[in-house]
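A.B. asks: Sequence order for the protein chains is F and S.
Reading the first sequence from the start, the letters are residues 18 to 181 in the numbering used here.
Reading the second sequence from the start, the letters are residues 202 to 452 in the numbering used here.
Built from N, CA and C at the ideal position, the CB exists for glycine as well.
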Amino acid sequence: MAEDPKRAPAPDSPEEMSRRKFFVKVGVGSAAVAALGTAAFAYQYLSPNVLYEPSPIVDAGKPDRYAPDSVTMDPQNAIYVVRTGEGFFALSAICTHLGCLTAYKPDLGIIACPCHGSKFNKDGVKIEGPAPRPLPWLRMWLSDDGNLLVDRSNAIAIKQLVRV
Amino acid sequence: MANTVDNLINQVRENRIWRSIFRGGSGESNLRRSLVVQQNVFLHLFSIKSRKRVLEFSATWYLGALTFGTFLILVITGILLMLYYHPSVPQAYADMKDLQYVVSSGVFLRNLHRWSAHAMVFLVFAHMFKVFYRGAYRTPREFNWIIGVVLLLVTLLLSYTGYLLPWDQLAYWAVTVGSNIASAVPLIGAKMRFLMLGGTAVNANALLRFYVLHCVILPVTAVVLIAVHFWRIRKDGGIYPGESDAEVSNK
Numbered sequence: 018m019a020e021d022p023k024r025a026p027a028p029d030s031p032e033e034m035s036r037r038k039f040f041v042k043v044g045v046g047s048a049a050v051a052a053l054g055t056a057a058f059a060y061q062y063l064s065p066n067v068l069y070e071p072s073p074i075v076d077a078g079k080p081d082r083y084a085p086d087s088v089t090m091d092p093q094n095a096i097y098v099v100r101t102g103e104g105f106f107a108l109s110a111i112c113t114h115l116g117c118l119t120a121y122k123p124d125l126g127i128i129a130c131p132c133h134g135s136k137f138n139k140d141g142v143k144i145e146g147p148a149p150r151p152l153p154w155l156r157m158w159l160s161d162d163g164n165l166l167v168d169r170s171n172a173i174a175i176k177q178l179v180r181v
Numbered sequence: 202m203a204n205t206v207d208n209l210i211n212q213v214r215e216n217r218i219w220r221s222i223f224r225g226g227s228g229e230s231n232l233r234r235s236l237v238v239q240q241n242v243f244l245h246l247f248s249i250k251s252r253k254r255v256l257e258f259s260a261t262w263y264l265g266a267l268t269f270g271t272f273l274i275l276v277i278t279g280i281l282l283m284l285y286y287h288p289s290v291p292q293a294y295a296d297m298k299d300l301q302y303v304v305s306s307g308v309f310l311r312n313l314h315r316w317s318a319h320a321m322v323f324l325v326f327a328h329m330f331k332v333f334y335r336g337a338y339r340t341p342r343e344f345n346w347i348i349g350v351v352l353l354l355v356t357l358l359l360s361y362t363g364y365l366l367p368w369d370q371l372a373y374w375a376v377t378v379g380s381n382i383a384s385a386v387p388l389i390g391a392k393m394r395f396l397m398l399g400g401t402a403v404n405a406n407a408l409l410r411f412y413v414l415h416c417v418i419l420p421v422t423a424v425v426l427i428a429v430h431f432w433r434i435r436k437d438g439g440i441y442p443g444e445s446d447a448e449v450s451n452k
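(1) Quick check: is the beta carbon of L242 of chain F nearer than 8 angstroms to any beta carbon in chain S?
(2) Measure the beta-carbon distance from V179 of chain F to W158 of chain F and round it to whole angstroms, keeping in mind my assumption that it falls under 8 angstroms.
(3) Name the residue from F:D161, F:P149, F:G141, F:G163 whose alpha carbon lies nearest to the alpha carbon of I173 of chain F.
(4) Tell me which residues share the same chain as T261 of chain S and place their Cβ nearer than 7 angstroms to its Cβ, disregarding the 5 neighbours each side in the sequence.
(5) Please report how far the alpha carbon of R156 of chain F lies from the alpha carbon of P149 of chain F, in whole angstroms.
(6) Would you say I96 of chain F and V67 of chain F are within 8 angstroms of each other, going by their C-beta atoms?
(7) Per DSSP, T89 of chain F forms a beta bridge with which residues?
(8) I need the straight-line Cα distance from W432 of chain S to R224 of chain S, nearest angstrom please.
(9) To the nearest angstrom, how far is the alpha carbon of H245 of chain S from that of L324 of chain S?
(10) Please name the residue in S:A375, S:G379, S:S235, S:V355 whose C-alpha comes closest to that of H415 of chain S.
(11) Would you call L165 of chain F buried or exposed, if buried means 16 or more other Cβ atoms sit within 10 Å of its Cβ?
(12) How is the beta strand (DSSP E) around A107 of chain F delimited, first residue to last?
(13) Per DSSP, what are the beta-bridge partners of D168 of chain F in this structure?
(14) Along the chain, where does the beta strand (DSSP E) that runs through I144 of chain F open and close?
(15) Per DSSP, what are the beta-bridge partners of S118 of chain F in this structure?
(16) Where does L125 of chain F land, buried or exposed, given buried means 16+ other C-beta within 10 angstroms?
(17) Identify each residue in the region 319-348 of chain S for which the Cβ-Cβ distance to at least one residue of chain F is less than 7 angstroms, and report them in chain order.
(18) Since L108 of chain F contacts L152 of chain F with CB under 8 angstroms, what's their CB separation in whole angstroms?
(19) Report the rounded CA-to-CA distance for D207 of chain S versus V213 of chain S, giving the unit in angstroms.
(20) Between V429 of chain S and I348 of chain S, is the Cβ-Cβ spacing less than 8 angstroms?
(21) Determine the DSSP secondary structure at M18 of chain F, reduced to helix, strand or coil.
(22) Put I187 of chain F into one of helix, strand or coil per three-state DSSP.
(23) Hey, how far is the Cα of L264 of chain S from the Cα of A327 of chain S?
(24) Flag this pair as yes or no: are the beta carbons of T377 of chain S and V413 of chain S separated by less than 8 angstroms?
(25) Would you check if there are 3 or more beta carbon pairs closer than 8 angstroms linking the region 358-378 of chain S to the region 110-122 of chain F?
(26) Could you give the residue range of the alpha helix (DSSP H) that holds A203 of chain S?
(27) Strictly below 8 angstroms CB to CB, what residues from chain S border S64 of chain F?
(28) Would you mind stating whether F247 of chain S and V238 of chain S have Cβ atoms separated by less than 8 angstroms?
(29) How big is the Cα-Cα spacing for L273 of chain S and K253 of chain S?
(30) Once DSSP output is grouped into helix, strand and coil, what is the label at I222 of chain S?
(31) Give every residue of the same chain whose Cβ lies closer than 6 angstroms to the Cβ of G363 of chain S, excluding the five residues on either side of it in the sequence, and list them in chain order.
(32) What is the DSSP secondary structure of F395 of chain S, counted as helix, strand or coil?
(33) Give me the Cα-Cα distance between R37 of chain F and L53 of chain F, rounded to the nearest whole angstrom.
(34) Relative to chain F, which residues along the region 373-387 of chain S have a C-beta separation below 7 angstroms, given in chain order?
(35) Kindly provide the ranges of any alpha helix (DSSP H) runs that are 4 or more residues long and lie completely inside the region 323-393 of chain S, ordered along the chain.
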């Protein structure tokens, strides 16, 4: 007698799945898909799309506000505006160790972090302490009306002075 | 006189209202006393009988119970503090100052909350050391030890999230430093910090997130885990070896 191709195989044959196992797999699979979706949903929901934070671009004012060979701190925006003999540059005032606000010590001519004792020179190079990196130089340029602008979100790799 | 009081107590306990609340009723028998524990939603986590030596001070130094006591104080004082606190910038700092100087008993509640928090961290560690040196983490209690470790983490996270809420300089810089430590995790560190703070710096979003964690998510987690922790003490056979279900059935 020829084998009927449409005949269902016996449910207990090893390569076939029982109805119960099939539904367990469907159930577990759907739960896994739902869990992944929930994770993605939660991640997206918890990441704010709009941040009501201050703009990263700071107007540092007219260049002649700054005395020659001076380091001026803007504590509100956490930057230093440094004027050397040749020009200007901007340094981040946020310690590269754990994010504390550093302070300039005019009598020693260094930048020091109060939290864990890192010290930097006026170029942002580390002198001592746990900071892993120098203080980053920030992009600085002159606006059309002659003000110094600093982009705090933009660290520059090549140190360049703004000459006025 | 003593008889009158006893009679009165008995009358109350036989009263229909009392009996409708406490199903076991009163009575002198051990069965009745057992039912009181067994049929109470809170007490049923515990065993219906305890050996005397279990209740002695030397057995546990009551460190677990004291930890739970500080937790209860923290929940009650915390809820009261919430009535005067807005988790917004810069209102949070002003509210904290108001609690200190304007609100009646505000400074008492705030200090009670603060010192209980310190005490709870100390007691959790002391409890852990006591359990460790007594060897009470061994089979069949290893899972309860794990729950205890998670509860330690929850306690520390509660401390850490509570630290930001006064919104003073200490709070701000402590959380700045703490969140930068979190961002040192390889690959996902920066993203983790962003999600934790809800932004790139400690700001209004961070304050609100820490507030929700501190007042809702972490306390609820703690309550659930504490319930399991207590229940497992009974299931694992109390605090002395050889009395768990598994150990008894192996005998």
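C.D. replies: A quick look at the data gives this:
(1) No answer is possible for residue 242 of chain F: the residues shown for chain F start at 18 and end at 181.
(2) For the purposes of this step, residue 179 of chain F is taken as the residue at position 162 of the first sequence. For the purposes of this step, residue 158 of chain F is taken as the residue at position 141 of the first sequence. So it is a contact: roughly 6 angstroms between Cβ atoms.
(3) Taking the first sequence and counting its residues from 1, the one referred to as residue 173 of chain F is at position 156. Nearest option by C-alpha distance: F:G141.
(4) The count along the second sequence starts at 1 and reaches residue 261 of chain S at position 60. The residues K331, I440, in chain order, have a CB closer than 7 angstroms to that of T261 of chain S in the same chain once the five nearest residues on each side in sequence are set aside.
(5) The sequence position of residue 156 of chain F within the first sequence is 139, counting from 1. The sequence position of residue 149 of chain F within the first sequence is 132, counting from 1. Roughly 21 angstroms between the two C-alpha positions.
(6) As a working mapping, residue 96 of chain F is identified with position 79 in the first sequence. As a working mapping, residue 67 of chain F is identified with position 50 in the first sequence. The answer is no: Cβ separation not under 8 angstroms.
(7) Within the first sequence, the letter at position 72 stands for residue 89 of chain F. DSSP output for T89 of chain F lists F:V98 as bridge partner(s).
(8) On the second sequence, position 231 is the one that residue 432 of chain S refers to. On the second sequence, position 23 is the one that residue 224 of chain S refers to. Using only the alpha carbons, I get a separation of about 21 angstroms.
(9) Stepping through the second sequence from its first residue, residue 245 of chain S is reached at position 44. Stepping through the second sequence from its first residue, residue 324 of chain S is reached at position 123. The alpha-carbon atoms of H245 of chain S and L324 of chain S are separated by roughly 25 angstroms.
(10) Here residue 415 of chain S corresponds to residue number 214 of the second sequence, with the count starting at 1. Ranking the options by Cα distance to H415 of chain S, first place goes to S:V355.
(11) Taking the first residue of the first sequence as position 1, residue 165 of chain F is located at position 148. Buried, by the Cβ-count rule.
(12) For the purposes of this step, residue 107 of chain F is taken as the residue at position 90 of the first sequence. Element bounds for A107 of chain F: 105-109.
(13) Along the first sequence, one-based indexing puts residue 168 of chain F at 151. In DSSP, D168 of chain F forms a bridge with F:I74, F:R156.
(14) Taking the first residue of the first sequence as 1, we reach residue 144 of chain F at position 127. Note, I144 of chain F: beta strand (DSSP E), 143-145.
(15) For the purposes of this step, residue 118 of chain F is taken as residue 101 along the first sequence, with counting starting at 1. It is Leu, not Ser, that sits at residue 118 of chain F in the sequence shown. F:I111, per the DSSP bridge assignment.
(16) To locate residue 125 of chain F, count along the first sequence from 1; it is residue 108. It is exposed - the Cβ of L125 of chain F has fewer than 16 other Cβ atoms within 10 Å.
(17) none
(18) As a working mapping, residue 108 of chain F is identified with position 91 in the first sequence. As a working mapping, residue 152 of chain F is identified with position 135 in the first sequence. About 5 angstroms; that satisfies the 8 angstroms criterion.
(19) Here residue 207 of chain S refers to the residue found at position 6 of the second sequence. Here residue 213 of chain S refers to the residue found at position 12 of the second sequence. For D207 of chain S and V213 of chain S, the distance between alpha carbons rounds to 10 angstroms.
(20) The count along the second sequence starts at 1 and reaches residue 429 of chain S at position 228. The count along the second sequence starts at 1 and reaches residue 348 of chain S at position 147. Yes, Cβ-Cβ distance for V429 of chain S and I348 of chain S is below 8 angstroms.
(21) Mapped onto the first sequence, residue 18 of chain F falls at position 1. In this prediction, M18 of chain F has a pLDDT of 48, which is less than 50 and means its spatial position is unreliable; what the coordinates show is noted afterwards. Three-state result, M18 of chain F: coil.
(22) Only positions 18 to 181 of chain F appear in this structure, which leaves residue 187 of chain F out of reach.
(23) For the purposes of this step, residue 264 of chain S is identified with residue 63 of the second sequence, where counting begins at 1. For the purposes of this step, residue 327 of chain S is identified with residue 126 of the second sequence, where counting begins at 1. Approximately 7 angstroms between the Cα atoms of the pair.
(24) In the second sequence, residue 377 of chain S corresponds to position 176, counting from 1. In the second sequence, residue 413 of chain S corresponds to position 212, counting from 1. Not closer than 8 angstroms, so no.
(25) yes
(26) Counting from 1 along the second sequence, the entry for residue 203 of chain S is found at position 2. Looking at the DSSP string, the run of the alpha helix (DSSP H) that includes A203 of chain S is 203-215.
(27) For the purposes of this step, residue 64 of chain F is identified with residue 47 of the first sequence, where counting begins at 1. Ordered by position in chain S, the residues that pass the 8 angstroms Cβ test against S64 of chain F are F395, L396.
(28) Translated into positions along the second sequence, residue 247 of chain S becomes position 46. Translated into positions along the second sequence, residue 238 of chain S becomes position 37. Yes.
(29) On the second sequence, residue 273 of chain S is found 72 positions in, with the first residue counted as 1. On the second sequence, residue 253 of chain S is found 52 positions in, with the first residue counted as 1. Rounded to whole angstroms, L273 of chain S and K253 of chain S show a C-alpha spacing of 26 angstroms.
(30) Counting from 1 along the second sequence, the entry for residue 222 of chain S is found at position 21. I222 of chain S sits in a helix when the DSSP states are folded into three classes.
(31) The residue you call residue 363 of chain S lines up with position 162 of the second sequence. Closer than 6 angstroms at Cβ, skipping near neighbours: H415.
(32) Start at 1 with the first residue of the second sequence, and residue 395 of chain S comes out as number 194. Taken through DSSP and simplified to helix, strand or coil, F395 of chain S comes out as helix.
(33) Within the first sequence, residue 37 of chain F is the residue found at index 20, counting from 1. Within the first sequence, residue 53 of chain F is the residue found at index 36, counting from 1. C-alpha separation (whole angstroms): 24 angstroms.
(34) W374, T377, V378, N381, I382
(35) 343-365, 370-383
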